[in-house]
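Student:
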Amino acid sequence: MLEKKMKMANLDAVTVKDGFWKNYMELVRCRMIPYEWEALNDRVEGAEPSYGMANFRAAAAGGGTFRGRVFQDSDVYKWLEAVAYSLMWHPDAQMEATADEAIEIIAAAQQPDGYLDTYYILTGIEKRFTNVMDNHELYILGHMTEAAVAYYRATGKRKLLDTAIRYVDCADRNFGREEGKLRGYPGHEVAEMALVELYGVTGEERHLKLAQYFIDERGQKPLFFAEERERFHNEYKWKESYFQDQYYQAGKPVRDQERAEGHAVRAVYLYSGMAEVAAMTEDQELFAACERLWKSIVEKQMYLTGAIGSSEYGEAFTFDYDLPNDTLYAETCASIGLVFFARRMFEITRDGQYTDIMERCLYNSIISGMSLDGQKFFYVNPLEVQPEASRKDFYKRHVDVQRQKWFACACCPPNIARLLASLGGYMFEQSEDTVFVNLFAAAELRTGVGGHLSTLHLETEYPWDEDIRIRIENEQPTEFTVAVRIPAWCENWTASVNGSRCQETPEKGYLYLQRTWRTGDTIGIHLEMPVRCMAANPRVRDDVGKMAVMRGPLVYCLEEADNGDQLQELYLSEDAAFTLKREPEFLGGTVTIATEGWRLSENEWDEHTLYRTYRKPVYKKQTLKFIPYYAWANRSEGEMSVWVRVKQ
Ligand code: ZN
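What follows is the structure, given as structure tokens:
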């Protein structure tokens, strides 16, 4: 039967201890959340203004000027969602009071019929729902709903939840197949998964039905977006594009879609909603579409880092194996969306192929989106940069080489915040009789699985260290299963319970250890982490003849600061031997990788010779130093490359 076989652990039942992820979670709680509140109130000097709260204040006061992008409200909601998760694992009366204050202003801006989007409230409410395709009213509804559900779960307070329900009901009265309603659906998806989350809290069938309607109506002919464009003379930005309405994943019904296409963030948000609805309604056909779209991404359109969206034009997927390293989009939010999709697919299937990708995105393309001090952000996450090209090449102008303080379109920073603040729920999931350990971190999970209270203590220095210990503590011996993910990247691993080697073999990437667990029982997992040299399918044009270096879940890269400039002149040996170095004081504490490599000798060339007859290249030896990809651009501006040429 198709259904969710487990759910995320409650965040208040997970304590993440010192270590890799705890650092990030504390950056979110102590720096990003307060900093973003300042940014949302336009109080960060030198940063582009957000206008997020100013718009709500104006709308609540009954009028004023709308400023910023049409979807600016959503940043406030993403911030509130991050606050909610943070409060679950770290109660903070002052933070909660600030959030309550924001919620009062938001609620005061709501219109009598429940409508709530400050752009139309301030620029002309009579024009609302006349450009659902591009003006994000239903996207805002989605983020509002997600924030409301999270804040209700965190605090038990209903104000934002009731406000969201009123807006959802307003949307329900305006959209649908019934006579007199608009047969529309979100131009930017997110409401689909949000409504299923809301249904989880309210149990109201109409909330699930609206999600189902948004998904099934999408792409049906006659096409709503086309009719809307005609009727209201809306601009069709993608008229000349190859993707047309597939930019919005609306070119055909979602069940008929074979490939992941169009705007990458929208796509993975939609697929997450599809997975939710498929599980809730036991819809095999819809689930089959999810599986197909997943494969289309991870088998043909995903970077080694877990980044997606090959093209800046449309911030979109392009075609299979088209994965340029330096002109890409690879938005932080797109990888975050891929994690949302992965988690839902895992919850339905218990298949480690999904949590493996979740881990890949988290350790690479997502945290590369923020600086090590948590105060600067990338929107675009390239696998190769040359600073001068970013400044002078029109086609690389979107590829920043330094993280920025804030963006006018600031979707990524609050998205990172809400994901990292809820990370405990991604680490552990549980069913009635099984605890799933998806991610490894020093952490504690308190669980009632098996009918009695047990605590799982995880001790590890992952991703630097190869060992993970899970110690059980409980009030009485309890029978349950601990399912530990054995990552697909790990070729050699061992597992033991109280020192005796386990006989179990993994099923779909999880080792199921069923025992009557007693206090003191200890599971030992050893995941061998040799340096791995990765190659790409030769159809990926940019990566032919190159290797990339990985260790455990981490992708590594070369930076100019360690290796000099002109990184394209560097070569790895095919049989390279690597040395690992633990550097606690470097880049926030890391393991670097060194190897004897080569550089094309420039002595052979003078600056006046651009071309000459080919002759065998001359190389000189050079030690290459690799750092984890996520940590790049935390020193002086310079070149960076993930893929390195191989000397035969
Ligand atoms: Zn973004």
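For the sequence shown, the numbering used here gives the first residue as 2, with consecutive numbering after it.
Beta carbons: idealized from backbone N, C-alpha and C, even for Gly.
Only counting the same chain, and skipping five residues up and downstream in sequence, which positions put a Cβ closer than 6 Å to that of R230?
Tutor: Answer for R230: Y237, listed in chain order.
Student: How far does the alpha helix (DSSP H) with G53 in it reach, from first residue to last?
Tutor: Looking at the DSSP string, the run of the alpha helix (DSSP H) that includes G53 is G53 to A61.
Student: Which of the three DSSP states is assigned to C503 in this structure?
Tutor: Reduced to three states, the DSSP call for C503 is coil.
Student: Rounded to whole angstroms, how far is the Cβ of E474 from the Cβ of T520, which I believe are closer than 8 Å?
Tutor: Right, the Cβ-Cβ distance comes to about 5 Å (below 8 Å), so this counts as a contact.
Student: Which of the three DSSP states, helix, strand or coil, is assigned to L601?
Tutor: Strand at L601.
Student: For T156, which three-state DSSP category applies?
Tutor: Reduced to three states, the DSSP call for T156 is helix.
Student: Using 8 Å as the cut-off, can you tell me whether the stretch 145 to 163 makes contact with the stretch 90 to 106, which would need three or more C-beta pairs spanning the two stretches below that distance?
Tutor: Counting Cβ pairs under 8 Å, three or more are found: they touch.
Student: Exposed or buried, which one is N538 when buried takes at least 16 other CB atoms within 10 Å?
Tutor: Under this definition N538 is an exposed residue.
Student: Express the C-alpha separation of R184 and W295 in angstroms, rounding to a whole number.
Tutor: In a straight line, the C-alpha of W295 is about 28 Å away from that of R184.
Student: Cutting at 8 Å between CB atoms, please list the residues of its own chain near A489, excluding the five before and the five after it.
Tutor: Once the five neighbours on either side are set aside, the close Cβ partners of A489 are G353, Q354, D357 and G510.
Student: Quick check on DSSP: helix, strand or coil for N132?
Tutor: N132 falls in the coil class under three-state DSSP.
Student: Between E313 and the ligand ZN, is there a pair consisting of the residue's CB and a ligand heavy atom that are separated by less than 8 Å?
Tutor: Because no heavy atom of the ligand ZN lies under 8 Å away, the Cβ of E313 does not count as near it: no.
Student: For the stretch 438 to 489, which segments carrying the beta strand (DSSP E) assignment without a break, of at least 3 residues, lie completely within its bounds, in sequence order?
Tutor: Segments of the beta strand (DSSP E) lying fully in the stretch 438 to 489: 444 to 448, 455 to 461, 468 to 475 and 479 to 486.
Student: What does the Cβ neighbour count give for H264, buried or exposed, with the cut at 16 atoms within 10 Å?
Tutor: The residue is buried, with at least 16 neighbouring Cβ atoms inside 10 Å.
Student: For H609, count neighbouring Cβ atoms within 10 angstroms of its own Cβ and tell me buried if that reaches 16, exposed if not.
Tutor: So H609 counts as exposed.
Student: What does a CB cutoff of less than 6 Å around D148 pick up in its chain, not counting 5 residues either side in sequence?
Tutor: Rather than Asp, the amino acid found at residue 148 in this sequence is Ala. If we look at A148 and ignore the five residues flanking it on each side, its Cβ neighbours are Y78, L81 and E82.
Student: From which residue to which residue does the alpha helix (DSSP H) around A496 run?
Tutor: That residue, A496, is in no alpha helix (DSSP H); its beta strand (DSSP E) goes W494 to V498.
Student: Quick check on this structure: which residue in S369, F320 and L329 has the alpha carbon closest to the alpha carbon of S311?
Tutor: When each option's Cα is compared against that of S311, the closest is L329.
Student: Closer than 7 Å by C-beta to K301: which residues in its own chain qualify, once you throw out the five before and the five after it? Chain order, please.
Tutor: Contacts found: D321 and Y322.
Student: From M9, V438, E467 and T333, pick the residue whose C-alpha is nearest to that of G553; which is it?
Tutor: Per the Cα distances, E467.
Student: Excluding sequence positions up to five away, which residues of its chain have a Cβ less than 6 Å from the Cβ of E430?
Tutor: Correct list, in chain order: M7, M9 and F437.
Student: Take W633 and list the residues in its own chain whose beta-carbon comes closer than 8 Å to its own, dropping the five residues that flank it on each side.
Tutor: Hits under 8 Å: S369, C558, E560 and M641.
Student: Is Y140 near the ligand ZN, going by C-beta to nearest heavy atom under 8 Å?
Tutor: Result no, Cβ not under 8 Å from the ligand ZN.
Student: Got a sec, what are the start and stop residues for the beta strand (DSSP E) A549 sits in?
Tutor: A549 -> beta strand (DSSP E) spans K547 to R552.
Student: Measuring CB to CB, does F176 end up less than 9 Å from Y214?
Tutor: Yes, the pair counts as a contact, with Cβ atoms nearer than the cut-off.
Student: What whole-angstrom Cβ distance do V269 and F341 have, given they're in contact under 8 Å?
Tutor: About 7 Å separates the two Cβ atoms, so the contact holds.
Student: Where in the stretch 196 to 265 do unbroken runs of the alpha helix (DSSP H), each at least 4 residues long, occur, reported from the N-terminal end onward?
Tutor: Here the runs fully enclosed are 206 to 218 and 225 to 233.
Student: Is it buried or exposed for D284, if we count other Cβ within 10 angstroms and need 16 for buried?
Tutor: With 16 or more Cβ atoms within 10 Å of its Cβ, D284 is classed as buried.
Student: Assuming H189 contacts L199 under a Cβ cut-off of 8 Å, what Cβ separation, rounded to an integer in Å, is found between them?
Tutor: Not confirmed; about 18 Å, so no contact.
Student: Report the partner residues of Q405 according to the DSSP bridge assignment.
Tutor: Partner(s): F378.
Student: Reducing DSSP to helix, strand and coil, say where L559 ends up.
Tutor: Reduced to three states, the DSSP call for L559 is strand.
Student: Look up R516 in the DSSP assignment and give the residues it is bridged to.
Tutor: Note: R516 sits in a beta bridge opposite F481.
Student: Shortest alpha-carbon distance to K547 belongs to which of V556, M535 and L555?
Tutor: Among V556, M535 and L555, the Cα nearest to that of K547 is on M535.
Student: For D576, count neighbouring Cβ atoms within 10 angstroms of its own Cβ and tell me buried if that reaches 16, exposed if not.
Tutor: Classification of D576: exposed, given that the 10 Å Cβ count is below 16.
Student: Can you pull every residue whose C-beta falls closer than 7 Å to some heavy atom of the ligand ZN, listed in chain order?
Tutor: Residues flagged by the Cβ proximity filter: V266, E332, T333, C334, Y380, C412, C413 and N416.
Student: I'd like to check one pair, A422 with K18: are the Cβ atoms closer than 9 Å?
Tutor: Contact flag unset, no.
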